[in-house]
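Each residue of the sequence shown is one higher than the one before, counting from 1 in the numbering used here.
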Amino acid sequence: MAVHRRGFLKTVGLGAALAAAPGVVRARNLASKLQVACVGVDGMGFSDLSQVGSHPSVQFVGFCDIDANRFARADAKFPGVPHFRDYREMFATLGDSVDAVLVDTPDHMHAPVAVAAMQLGKHVYCQKPLAHTVWECRQMRLWAAKAGVTTQMGNQIHSHVAYRLGTRLIRDGVIGKVREVHSWIGVTGNQRTRLFAPPAPAAVPANIDWNLWIGAAPMRDYAPAYHPFTWRDWQDFGGGALGDFGCHVLDPVFTATGISSVKSVQATNSGINDQVWPTYEKVRYEFVGTEHTVGDTLPVTWTDGGIKPAHSLAQMPGDKDLPGGGSLFIGEEGTMVLPHVGMPSLYPVEKFQGFAMPEVGERNHWHDWVDAAIAGEKTTDDFSYAGPLAEAVQLGNVATRLAVATLNPVDGQLSDPQKVLDWDAEAGQFTNAPEASELLTKKYRDGFAVPACG
Numbered sequence: 001m002a003v004h005r006r007g008f009l010k011t012v013g014l015g016a017a018l019a020a021a022p023g024v025v026r027a028r029n030l031a032s033k034l035q036v037a038c039v040g041v042d043g044m045g046f047s048d049l050s051q052v053g054s055h056p057s058v059q060f061v062g063f064c065d066i067d068a069n070r071f072a073r074a075d076a077k078f079p080g081v082p083h084f085r086d087y088r089e090m091f092a093t094l095g096d097s098v099d100a101v102l103v104d105t106p107d108h109m110h111a112p113v114a115v116a117a118m119q120l121g122k123h124v125y126c127q128k129p130l131a132h133t134v135w136e137c138r139q140m141r142l143w144a145a146k147a148g149v150t151t152q153m154g155n156q157i158h159s160h161v162a163y164r165l166g167t168r169l170i171r172d173g174v175i176g177k178v179r180e181v182h183s184w185i186g187v188t189g190n191q192r193t194r195l196f197a198p199p200a201p202a203a204v205p206a207n208i209d210w211n212l213w214i215g216a217a218p219m220r221d222y223a224p225a226y227h228p229f230t231w232r233d234w235q236d237f238g239g240g241a242l243g244d245f246g247c248h249v250l251d252p253v254f255t256a257t258g259i260s261s262v263k264s265v266q267a268t269n270s271g272i273n274d275q276v277w278p279t280y281e282k283v284r285y286e287f288v289g290t291e292h293t294v295g296d297t298l299p300v301t302w303t304d305g306g307i308k309p310a311h312s313l314a315q316m317p318g319d320k321d322l323p324g325g326g327s328l329f330i331g332e333e334g335t336m337v338l339p340h341v342g343m344p345s346l347y348p349v350e351k352f353q354g355f356a357m358p359e360v361g362e363r364n365h366w367h368d369w370v371d372a373a374i375a376g377e378k379t380t381d382d383f384s385y386a387g388p389l390a391e392a393v394q395l396g397n398v399a400t401r402l403a404v405a406t407l408n409p410v411d412g413q414l415s416d417p418q419k420v421l422d423w424d425a426e427a428g429q430f431t432n433a434p435e436a437s438e439l440l441t442k443k444y445r446d447g448f449a450v451p452a453c454g
């Protein structure tokens with residue numbers, strides 16, 4: 001079967017092969033093991049496959065990476081798994097022996113790999129921020145629904161006891177309905193390279209397939225500034241600080257308040273070009289309100305680069321500092337500070353003195369996905385939830401790319417009003433900014449396009 005499928009791939013191309021593939025192939029091996037293939041096996045890929053591989057019902061059947069030097073740790077922990085460089089070749093060769101796929105590539109290749117897997121009926125676990133553009137985030141959600149597969153985004157703190165407790169407190173109405181939220185992270189969008197133009201070209205190392213690493217992005221010369229880690233600073237490959245941490249820090253905001261639809265977005269920053277993300281940025285969203293919010297809309301403000309909301313908004317004692325990253329929920333009856341990977345605190349102190357925190361359990365984010373795939377069920381962080389969350393993150397990046405540099409990095413204040421971009425979530429377009437709508441998607445190189453889900 002694998003030989004015939006590989007020959008078919010070479011003859012008619014990947015798109016036709018996927019279209020002709022069975023709609024559901026995932027049930028073949030579930031009586032024994034969930035057979036998993038991994039795309040990207042070092043760095044976060046190694047962390048994910050280690051966690052998934054600790055489930056007793058998982059068996060790895062394929063490891064794929066464009067860098068031959070990055071198989072060593074995975075091989076040492078799970079020996080004997082076949083190697084591949086091209087995910088398309090791996091899917092064609094392994095065929096129906098794959099039930100599920102881990103996607104741990106740079107952001108610009110999340111959607112090409114994940115959609116290809118879902119078209120073949122594979123369950124998918126995909127790293128945050130789910131996809132590289134607004135359009136891709138929506139396609140990921142649509143393809144998951146059409147394929148009927150079990151999906152999970154890799155923002156594992158979704159299952160952490162701290163985020164689960166913070167979500168529970170808001171859902172229980174402990175601070176009343178939420179008026180507004182401020183979310184922030186300490187890192188900057190150009191945090192690692194400090195480069196603002198493409199670096200000098202270098203010879204491609206023999207262990208790297210540079211064509212496959214570039215994948216869906218416009219071709220550029222190889223440089224060590226991109227692989228294996230600093231790609232996130234570059235607009236062609238990553239999403240900067242918001243892309244890196246937005247799906248973590250904003251996750252409990254979405255889960256707790258039930259928001260999903262953006263109404264408008266507005267941004268400013270410390271300066272941006274068409275290569276890297278800004279050092280500092282501020283993004284202000286308006287979301288459609290829910291039963292857990294005050295009024296018809298919920299304002300959510302994102303800042304990064306160390307810019308935090310005003311301390312006074314938290315109603316916390318003067319000798320306490322806001323954490324380096326997290327969210328501040330401002331409610332009708334108090335506030336909650338939820339650090340990034342830290343337990344929530346309620347303010348003012350005198351109001352909540354003696355309050356007994358409810359007990360909530362921590363879950364295994366990776367094992368929940370495996371269990372759900374085997375049972376044919378959904379996860380709480382599947383693409384129907386993660387898609388709108390990641391879409392909101394990438395809408396913020398669209399606004400940032402159009403913003404004029406008017407942000408003071410000292411106090412995070414805007415010196416000039418910025419254009420508010422009105423978003424029609426149903427249509428998937430900005431209603432007052434055609435220049436912003438042009439940034440919702442991108443051009444793909446041949447062989448790596450993401451097909452629209454019809």
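Don't be surprised by glycine CBs; every beta carbon is placed ideally from N, CA and C.
Quick check: the Cα distance between residue i and residue j, rounded to an integer number of angstroms?
i: Arg-85; j: Asn-211; result: 11 Å
i: Pro-252; j: Pro-434; result: 31 Å
i: Val-420; j: Gln-429; result: 14 Å
i: Asn-432; j: Ala-392; result: 18 Å
i: Asn-155; j: Thr-406; result: 31 Å
i: Tyr-222; j: Asp-104; result: 20 Å
i: Gly-454; j: Met-219; result: 29 Å
i: Thr-379; j: Gln-127; result: 15 Å
i: Ala-27; j: Gly-334; result: For Ala-27, the predicted structure reports a pLDDT of 42, less than 50, and the residue's modelled location is therefore unreliable. A value from the coordinates is still provided. Computed Cα separation, rounded: 49 Å.
i: Pro-201; j: Phe-91; result: 32 Å
i: Asp-236; j: Ala-217; result: 6 Å
i: Phe-71; j: His-227; result: 15 Å
i: Val-294; j: Met-357; result: 24 Å
i: Thr-167; j: Val-249; result: 12 Å
i: Ala-203; j: Gly-271; result: 31 Å
Less than 8 Å between the C-beta atoms of residue i and residue j, yes or no?
i: Thr-133; j: Leu-440; result: yes
i: Val-61; j: Ala-37; result: yes
i: Ile-157; j: Met-336; result: no
i: Leu-298; j: Gly-396; result: no
i: Ala-373; j: His-55; result: no
i: Ile-185; j: Asp-99; result: no
i: Ala-162; j: Pro-199; result: no
i: Trp-369; j: Tyr-87; result: no
i: Val-288; j: Leu-195; result: no
i: Val-39; j: Val-101; result: yes
According to DSSP, is residue i helix, strand or coil?
i: Asn-29; result: Because the pLDDT at Asn-29 is just 47, under 50, the model does not fix this residue reliably, and the point stays unresolved.
i: Ala-350; result: A quick correction: the sequence has Glu, not Ala, at residue 350. The answer is helix: DSSP assigns Glu-350 an H, G or I state.
i: Met-219; result: coil
i: Cys-453; result: coil
i: Asp-107; result: helix
i: Lys-442; result: coil
i: Pro-317; result: coil
i: Phe-71; result: coil
i: Val-393; result: helix
i: Gly-326; result: strand
i: His-311; result: helix
i: Ala-206; result: coil
Mind reading off the beta-carbon distance from residue i to residue j? Whole number of angstroms is fine, and I expect it under 8 Å.
i: Thr-290; j: Thr-255; result: So it is not a contact: roughly 11 Å between Cβ atoms.
i: Met-343; j: Leu-165; result: 7 Å
i: Ala-436; j: Val-398; result: 5 Å
i: Asp-107; j: Gly-238; result: 5 Å
With a threshold of 8 Å between beta carbons, is residue i in contact with chain D?
i: Gly-271; result: Although the question refers to chain D, the structure presented lacks it and comprises just one protein chain.
Can you find a heavy atom of the ligand MN that lies under 7 Å from the Cβ of residue i?
i: Pro-278; result: The ligand content of the structure shown is nil, which means the ligand MN is not present either.
| said: Could you check whether the region 323-332 touches the region 176-185, counting it as contact only if at least three pairs of C-beta atoms, one from each stretch, sit closer than 8 Å? | reply: yes
| message | Using 8 Å as the cut-off, can you tell me whether the region 127-144 makes contact with the region 66-79, which would need three or more C-beta pairs spanning the two stretches below that distance? | response | Counting C-beta pairs with one atom in each stretch, the region 127-144 and the region 66-79 have fewer than three that are closer than 8 Å, which means they do not touch.
| request: Pair every Cβ in the region 100-118 with every Cβ in the region 142-156, then say whether three or more of these pairs are closer than 8 Å. | output: yes
| request: For the region 223-231 and the region 365-385, state whether three or more C-beta atom pairs, one from each stretch, are separated by less than 8 Å. | output: no
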